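Data first, discussion second: the structure below is written as structure tokens.
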Amino acid sequence: MSSNKRRAKRKRRSADNHNVVAFLHGAGDVGEILAAYRTWLVQNRICNDDMPPEVLVGCAELAITVAAGIRPEFAPTAWTVDDVDGVIGLVEYVEDSGGDAPPTALMLFGMRMLLDFLEDTNRWTGPVHDWEAAVMTLDEWIADELPDEQLQIEDVDPVHAEAALSELRLVRRLDAFLDWIGGERPTTSARWLKPALLGDLGAAVGIDVPPGLKKMTDHDELADLWMFAQELQLITVNTSRAEPTPVAQLWRARPRFELVRAAATLELDAYLSAENPLNPLPMMTALALRQGMTESPMSLDIFEPDDDSEPDDDDWPSTILDEMMRDRLSGLVEAGWLSVDDAGDHVVPRDLRPTVESALASHMGPEMGPAAMMAGGPTTRPTVVPELTDDIAQSQLTLRLDMPYIEPPVTRRIALPASMSLPALHYVIQTIMRWDDSHLHRFFTPDGHTEFGPTYDAGPSGEVSVGALINKPGDELYYNYDFGDGWEVRIVVESLADPSGTDDDRRPVVLDGHGTAPFDDVGGAGGWDHFIVAVTDPTHEDHDELREWAGMSPTGQFDPTAFDVDQTNRALRRQFRG
1 MSSNKRRAKR KRRSADNHNV VAFLHGAGDV GEILAAYRTW LVQNRICNDD
51 MPPEVLVGCA ELAITVAAGI RPEFAPTAWT VDDVDGVIGL VEYVEDSGGD
101 APPTALMLFG MRMLLDFLED TNRWTGPVHD WEAAVMTLDE WIADELPDEQ
151 LQIEDVDPVH AEAALSELRL VRRLDAFLDW IGGERPTTSA RWLKPALLGD
201 LGAAVGIDVP PGLKKMTDHD ELADLWMFAQ ELQLITVNTS RAEPTPVAQL
251 WRARPRFELV RAAATLELDA YLSAENPLNP LPMMTALALR QGMTESPMSL
301 DIFEPDDDSE PDDDDWPSTI LDEMMRDRLS GLVEAGWLSV DDAGDHVVPR
351 DLRPTVESAL ASHMGPEMGP AAMMAGGPTT RPTVVPELTD DIAQSQLTLR
401 LDMPYIEPPV TRRIALPASM SLPALHYVIQ TIMRWDDSHL HRFFTPDGHT
451 EFGPTYDAGP SGEVSVGALI NKPGDELYYN YDFGDGWEVR IVVESLADPS
501 GTDDDRRPVV LDGHGTAPFD DVGGAGGWDH FIVAVTDPTH EDHDELREWA
551 GMSPTGQFDP TAFDVDQTNR ALRRQFRG
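Counting in full-length UniProt numbering, the sequence shown runs from 1 upward without gaps.
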């Protein structure tokens with residue numbers, strides 16, 4: 001349905017529904033749902049001090065109440081497209097009329113997360129197609145709220161681009177960091193800089209460090225800089241020291257366009273990614289950067305409070321969003337990604353625009369329009385390529401995945417369409433291993449002669465299907481992730497089968513599995529062995545530090561042989577929604 005038709009439909013419903021008073025059956029059940037929803041928001045770290053869980057719980061309660069008033073047979077665990085349209089239409093009607101209601105954008109965001117909560121916790125009681133349709137409808141509403149303007153990007157001479165990239169705060173900090181590292185610096189057994197040196201490093205790179213800082217991981221800016229340097233392979237770190245690599249010498253040389261562009265891209269990836277896909281800040285960042293390359297860049301004024309009006313407690317949800325957007329715009333200016341022109345607008349410097357455009361395209365899709373930002377979530381969510389014409393591409397593959405040299409053994413058995421693209425398989429592997437896609441990867445054949453992936457020397461993978469490379473029992477393909485830690489996954493075909501003719505043919509499914517995959521940035525196979533020993537032995541000298549690094553509770557149990565098939569399949573369903 002087009003944007004105009006949706007809006008017309010909404011206005012008709014709003015006029016009919018604006019005086020509805022809800023009578024909600026099963027209020028006790030709703031109370032239990034809302035309490036569980038709040039717990040889920042906190043556990044998944046969706047909320048923080050800027051967006052407390054009460055904001056989204058309040059939106060959910062209002063949405064449920066309104067939906068029940070519009071459709072008496074409504075169930076809060078089984079939404080339909082009409083329910084979504086009805087709630088948003090009524091809220092927007094009240095907002096347009098000057099009534100007392102949360103901002104429409106906040107309601108859209110809150111309802112979107114409520115649906116994810118219901119699906120993630122197995123509370124959804126309606127048909128799967130209703131859930132998918134409701135999610136799609138919400139994403140279309142959100143896309144309608146965003147502007148859609150043409151980007152203004154010109155070709156930039158590499159010399160000018162390198163100069164602009166070198167002025168970014170991150171690049172300047174990395175310059176100072178390498179000067180400070182010198183020949184080597186001592187590290188802890190967990191591969192972080194020794195605490196006694198944190199203040200010295202902060203002074204060298206221009207980062208404020210509070211006196212008495214005990215751990216590098218307690219300071220986000222220092223920890224991020226340390227990880228960026230490793231990801232760019234500027235330093236190598238073990239359990240006793242950090243030292244520069246040959247890449248560091250290339251970094252100091254000129255020209256260095258490719259290296260500084262890689263650093264800039266890493267920082268943009270961090271801005272545009274989130275541990276939880278429902279975090280609003282990546283979308284806010286993408287919107288600010290995109291608008292900064294159009295004729296209508298964002299101005300901080302539109303997010304400033306009205307000095308002539310008294311604070312209103314009823315406006316606090318929109319105030320929180322405004323504060324988040326102000327902070328994000330200011331942060332992008334400080335980092336060098338945005339500059340403020342004479343009109344007070346936030347624009348992306350022209351020599352940085354090709355780099356920003358490339359990063360946005362990798363996260364939001366090549367169109368980079370509002371629908372690409374929101375429809376179905378970020379386009380880092382995988383898609384399955386259309387069916388190919390040969391018989392093999394129509395079949396279902398059963399694959400066995402294992403990680404050589406890792407103990408306890410890590411194995412997964414999955415079924416997926418042979419027509420699936422390699423980028424989609426990459427996301428499947430990231431999900432079933434619970435990795436965070438924060439490093440480079442590649443696929444390669446057993447002979448090592450053919451590579452696919454986003455690395456400089458690997459072939460493009462977007463148009464290559466899994467079935468084109470492995471299509472009979474015993475065929476092998478390898479997946480390499482994080483070239484520093486060196487994780488390798490062996491993929492072996494167990495069997496092929498004809499499709500069943502259901503939608504499940506187009507989605508990957510975990511059939512079985514064993515073992516916890518090594519955590520991101522744990523330090524390779526040796527680091528994983530050390531981690532397992534330390535976190536399971538309360539007397540180990542690194543016990544507390546590594547448990548805190550991994551986000552474990554002091555008394556929680558850790559079983560390296562554990563693997564939850566059901567939980568992993570729920571995560572895959574969230575990735576492959578249609």
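Every residue, glycine too, gets a C-beta built ideally from N, C-alpha and C.
Remember, it's a predicted structure, so these values are computed and weren't measured experimentally.
So residue 244 is in the beta strand (DSSP E); what residue range does that whole segment cover? Numbered from its first residue, the sequence shown carries residue 244 at position 244. 241–244 is the extent of the beta strand (DSSP E) around residue 244.
Identify which residue in 521, 407, 421 and 466 has its Cα closest to the Cα of residue 529. The residue you call residue 529 lines up with position 529 of the sequence shown. Among 521, 407, 421 and 466, the Cα nearest to that of residue 529 is on 407.
For the segment 154–207, which segments carrying the beta strand (DSSP E) assignment without a break, of at least 3 residues, lie completely within its bounds, in sequence order? Runs found: none.
Would you list, in sequence order, the uninterrupted beta strand (DSSP E) runs of no fewer than 3 residues that lie entirely inside the segment 108–149? Runs found: none.
With a CB to CB cut of under 6 Å and the five nearest residues on each side skipped, what residues in its chain are close to residue 568? As a working note, residue 568 is residue 568 in the sequence shown. Same-chain partners within the cutoff: 432 and 510.
Chain D beta carbons: is any one of them nearer than 8 Å to that of residue 570? No chain D appears in this structure, which consists of one protein chain only.
Measuring CA to CA, which of 151, 76 and 258 is closest to residue 293? Locating residue 293 in the sequence shown gives position 293, where the first residue counts as 1. Comparing alpha carbon positions, the residue from 151, 76 and 258 closest to residue 293 is 151.
Measuring straight from C-alpha to C-alpha, what distance separates residue 522 and residue 329? Position 522 of the sequence shown holds residue 522. Position 329 of the sequence shown holds residue 329. Near 33 Å, if we compare the C-alpha coordinates of residue 329 and residue 522.
By the three-class DSSP mapping on this structure, what secondary structure does residue 550 have? In the sequence shown, the residue the question calls residue 550 occupies position 550. Three-state result, residue 550: coil.
State the CB to CB distance for the pair residue 84 and residue 111, rounded to an integer number of angstroms; the pair is presumed to be in contact (CB under 8 Å). Along the sequence shown, one-based indexing puts residue 84 at 84. Along the sequence shown, one-based indexing puts residue 111 at 111. Contact flag correct, Cβ pair sits at about 7 Å.
Taking residue 549 as the reference, give the member of 537, 531 and 452 with the closest Cα. Along the sequence shown, read from residue 1 onward, the residue named residue 549 stands at position 549. If we check each option's Cα against that of residue 549, 531 comes out closest.
Among 341, 342 and 346, which one has its Cα closest to the Cα of residue 325? Indexing the sequence shown from 1 puts residue 325 at position 325. Of the residues 341, 342 and 346, the one whose Cα lies closest to the Cα of residue 325 is 346.
Look at the alpha carbon of residue 103 and the alpha carbon of residue 540, and state the distance between them as a whole number of angstroms. Working through the sequence shown from its first residue, we reach residue 103 at position 103. Working through the sequence shown from its first residue, we reach residue 540 at position 540. Rounded to the nearest angstrom, the two C-alpha atoms are 52 Å apart.
Does residue 297 pass the burial test, meaning 16 or more other C-beta atoms within 10 Å, or should it be called exposed? Here residue 297 refers to the residue found at position 297 when the sequence shown is read from its first residue. Around the beta carbon of residue 297, 16 or more other beta carbons sit within 10 angstroms, so the residue counts as buried.
Mapping the DSSP letters down to three states, classify residue 435 as helix, strand or coil. Here residue 435 refers to the residue found at position 435 of the sequence shown. Reduced to three states, the DSSP call for residue 435 is coil.
Hey, residue 507 and residue 336: beta-carbon distance below 8 Å or not? As a working mapping, residue 507 is identified with position 507 in the sequence shown. As a working mapping, residue 336 is identified with position 336 in the sequence shown. No.
Of the choices 443, 30 and 187, whose alpha-carbon is the least far from that of residue 486? Counting from 1 along the sequence shown, the entry for residue 486 is found at position 486. The shortest Cα separation from residue 486 among 443, 30 and 187 belongs to 443.
The beta strand (DSSP E) with residue 444 in it runs from where to where? For this step, residue 444 is matched to residue 444 along the sequence shown. For residue 444, the enclosing beta strand (DSSP E) has its first and last residue at 441–444.
In terms of alpha-carbon separation, which member of 349, 555, 176 and 479 lies closest to residue 153? The residue labelled residue 153 in the question sits at position 153 within the sequence shown. When 349, 555, 176 and 479 are compared, the shortest CA-CA separation from residue 153 is found for 349.
Distance between residue 434 and residue 517 (C-alpha atoms, nearest Å): On the sequence shown, residue 517 is found 517 positions in, with the first residue counted as 1. On the sequence shown, residue 434 is found 434 positions in, with the first residue counted as 1. The C-alpha of residue 434 is placed about 7 Å away from the C-alpha of residue 517.
Whole alpha helix (DSSP H) runs in the segment 210–250 with 4 or more residues, listed along the chain? Segments of the alpha helix (DSSP H) lying fully in the segment 210–250: 220–231.
Cα-Cα, which of 480, 357, 282 and 564 is closest to residue 327? Walking along the sequence shown from the start, residue 327 turns up at place 327. Ranked by Cα distance from residue 327, the options 480, 357, 282 and 564 are led by 282.
Who are the near neighbours of residue 543 in its chain, counting only those whose CB is closer than 8 Å to its CB and skipping five residues on each side? Position 543 of the sequence shown holds residue 543. Taken in chain order, the residues that qualify are 534, 535 and 537.
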